[in-house]
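Below is one structure, written out as structure tokens, with a few remarks after it.
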């Protein structure tokens with residue numbers, strides 16, 4: 685089942701690549717050929733929201749006593765890891781696109797700055813996660829840190845509307861829900877978002893299962909240590 | 268009412284420890300001062316540049332010193348397992364948070380006065396609008412202290428605490444850095460009208476940070 689999903693993901697990514705490189709037109713006022721970078725940049729931005737959103741929801745579910753389960757903690761961590769990866773990719777790709785279009789690698793406008801801070805907030809979150817071995821040890825503090833970090837997300841999203849900045853307004857999710865792309869570009873963008881969402885799903889599943897195995901290994905090691913100790917005590921008594 | 272009384276109790280304890288151990292006075296304050304001096308080296312002691320960049324440099328120095336103050340505030344709880352005493356004291360988590368925040372805020376405010384004088388003298392800054400400066404500094408200090416206290420307890424009891432606190436606190440207090448710098452900039456340019464929106468931002472941040480802290484401190488103290 686997972687294999688099949690991976691196959692579909694790779695296929696969707698390949699189709700996106702083909703459409704983005706060969707079918708869609710270059711755009712003069714958007715950096716010419718560099719406009720193709722947007723088919724990478726926009727899905728990465730979407731995944732950053734999605735991933736950190738999942739982390740926030742999973743953290744909240746961990747904090748509520750009725751829904752507390754170690755899986756929520758692992759899911760929050762797995763999603764944040766993938767989110768940090770795609771946030772970094774988004775910043776790098778955006779920078780590569782900004783150079784030919786804006787004439788600069790980096791601009792201190794509200795969206796870029798708040799995104800960079802978002803990146804650092806979640807780097808801190810991941811660092812915090814590595815300090816406890818089990819969900820019980822780290823769960824509550826990580827969940828609260830994730831919820832605090834999530835407070836920056838609306839700032840990032842609305843920064844382009846609140847402050848008139850160099851970064852353009854949302855192409856799809858703007859104030860008026862007025863979609864500003866069409867034709868082959870819109871199809872490609874849509875496919876890119878779908879393909880990357882599948883990739884996100886696969887990567888999170890992979891990281892989640894790995895984290896579960898790691899937790900299991902810790903528990904088995906502890907169990908073994910206890911059993912050995914008990915046996916040693918029995919021998920000593922005999 | 269008990270909330271305030273308990274908070275004063277905790278703040279008094281922390282400030283008494285500082286006044287006796289003198290770590291804040293003999294280590295954190297000189298650290299802030301050397302940062303102010305180093306910034307002058309970084310900008311090649313260019314007076315015009317220094318006086319223009321003074322607000323930002325001042326707040327950067329305060330932020331760095333604040334990291335030490337936060338680390339210190341929780342190192343005190345680590346020694347002799349004082350944290351367990353705090354937990355068993357029966358004090359409400361919210362009041363412990365307010366107390367520790369207040370103690371850090373008082374320390375930072377004194378630090379800001381001294382660093383402010385240093386900046387005026389060394390960077391050749393002319394002061395205007397003392398009221399704006401005071402309000403901005405007050406709101407910024409409370410926001411800074413509250414955020415620091417939240418992350419201090421969040422990282423409490425962990426082995427990597429000393430390195431983790433700066434990584435967690437600095438991105439979270441960027442609104443303070445931004446708002447404080449802009450408010451001070453406007454005040455020093457003699458344009459208090461431009462400063463008030465930033466003072467409002469600082470106040471909003473402080474209120475949010477204190478509210479979040481009161482809410483989460485108790486569970487975090489139990490956890491650590």
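Chains as they are written, first to last, in this note's numbering: chain A, 685 to 922; chain B, 268 to 491.
Glycine is no exception: its CB is placed at the ideal position from the N, C-alpha and C atoms.
Just so you know, these numbers come straight off a predicted model, no measurement behind them.
Cβ neighbour criterion (16 or more within 10 Å) applied to residue i
i	result
residue 806/A	buried
residue 753/A	exposed
residue 686/A	exposed
residue 1000/A	Since the displayed chain A opens at 685 and closes at 922, residue 1000/A lies outside it and no answer follows.
residue 344/B	buried
residue 380/B	exposed
residue 861/A	Summary for residue 861/A: the model assigns pLDDT 48, below 50, so the residue's position carries little reliability, and this model does not support an answer.
residue 297/B	exposed
residue 348/B	exposed
residue 724/A	buried
residue 299/B	buried
residue 410/B	buried
residue 374/B	buried
residue 707/A	exposed
residue 285/B	buried
residue 425/B	buried
residue 792/A	exposed
residue 771/A	buried
residue 447/B	buried
Endpoints, alpha helix (DSSP H) assigned at residue i
i	result
residue 725/A	722–747
residue 504/B	Residue numbering for chain B in the displayed model covers 268 to 491; residue 504/B lies beyond these limits and cannot be assessed.
residue 428/B	428–439
residue 708/A	Unbroken run through residue 708/A: none, as it is neither H nor E.
residue 332/B	314–345
residue 908/A	867–921
residue 467/B	459–490
residue 276/B	269–288
residue 303/B	296–309
residue 398/B	397–421
residue 759/A	754–786
residue 751/A	First-last for residue 751/A: undefined, no H or E at that position.
residue 795/A	794–813
Beta-carbon spacing of residue i, residue j below 7 Å
i	j	result
residue 333/B	residue 415/B	yes
residue 365/B	residue 420/B	no
residue 696/A	residue 879/A	yes
residue 465/B	residue 450/B	yes
residue 390/B	residue 318/B	yes
residue 760/A	residue 779/A	no
residue 434/B	residue 698/A	no
residue 833/A	residue 809/A	yes
residue 282/B	residue 370/B	yes
residue 763/A	residue 726/A	no
residue 769/A	residue 728/A	no
residue 493/B	residue 328/B	For residue 493/B there is no data in the structure shown, the boundaries of chain B being 268 and 491.
residue 636/A	residue 884/A	Absent from the structure is residue 636/A, since the part of chain A shown begins at 685 and ends at 922.
residue 308/B	residue 423/B	no
residue 776/A	residue 888/A	no
residue 655/A	residue 459/B	Coverage of chain A is limited to positions 685 through 922, which leaves residue 655/A absent and any answer about it impossible.
residue 325/B	residue 386/B	yes
residue 277/B	residue 363/B	yes
residue 798/A	residue 839/A	yes
Contacts of residue i in chain B (Cβ-Cβ under 8 Å)
i	result
residue 698/A	None at all; the shortest Cβ gap to chain B is about 37 Å.
Chain B residues whose Cβ lies nearer than 9 Å to that of residue i
i	result
residue 815/A	422, 425, 426, 427, 428 and 431
Where residue i meets chain A, residues with beta-carbon distance less than 7 Å
i	result
residue 441/B	801
residue 483/B	828
residue 438/B	801, 804, 805 and 808
residue 486/B	824
Neighbouring residues, chain A, relative to residue i (Cβ below 9 Å)
i	result
residue 407/B	Within 9 Å Cβ-Cβ: nothing; residue 407/B doesn't reach chain A, min ~17 Å.
residue 434/B	804, 807, 808, 811 and 812
Contacts that residue i makes with chain A (C-beta to C-beta distance below 8 Å)
i	result
residue 479/B	832
Interface partners of residue i on chain B, CB under 7 Å
i	result
residue 895/A	Within chain B, no residue comes near residue 895/A; the closest Cβ sits about 19 Å away, beyond 7 Å.
Any non-hydrogen atom of the ligand SAM closer than 6 Å to residue i Cβ
i	result
residue 806/A	Inclusion of the ligand SAM in the displayed structure is not the case, the ligand content being empty and no account of it being possible.
Inset, instruction - Would you list, in chain order, the members of the segment 367–401 of chain B that have their beta-carbon closer than 8 Å to a beta-carbon of chain A? - result: none
Legend entry - Members of the segment 273–290 of chain B that neighbour chain A once the beta carbon cut-off is set at 7 Å: none
Legend entry - Chain-ordered residues of the segment 334–367 of chain B with a beta carbon less than 9 Å from chain A: none
Inset, instruction - Mind checking the segment 453–469 of chain B against chain A and listing, in chain order, the residues whose C-beta falls within less than 8 Å of any C-beta there? - result: none
Inset, instruction - Using a Cβ-Cβ cut-off of less than 8 Å, give me the residues of the segment 754–773 of chain A that come near chain B, in sequence order. - result: none
Inset, instruction - Output, in sequence order along the chain, the residues in the segment 313–331 of chain B whose CB is closer than 9 Å to any CB in chain A. - result: none
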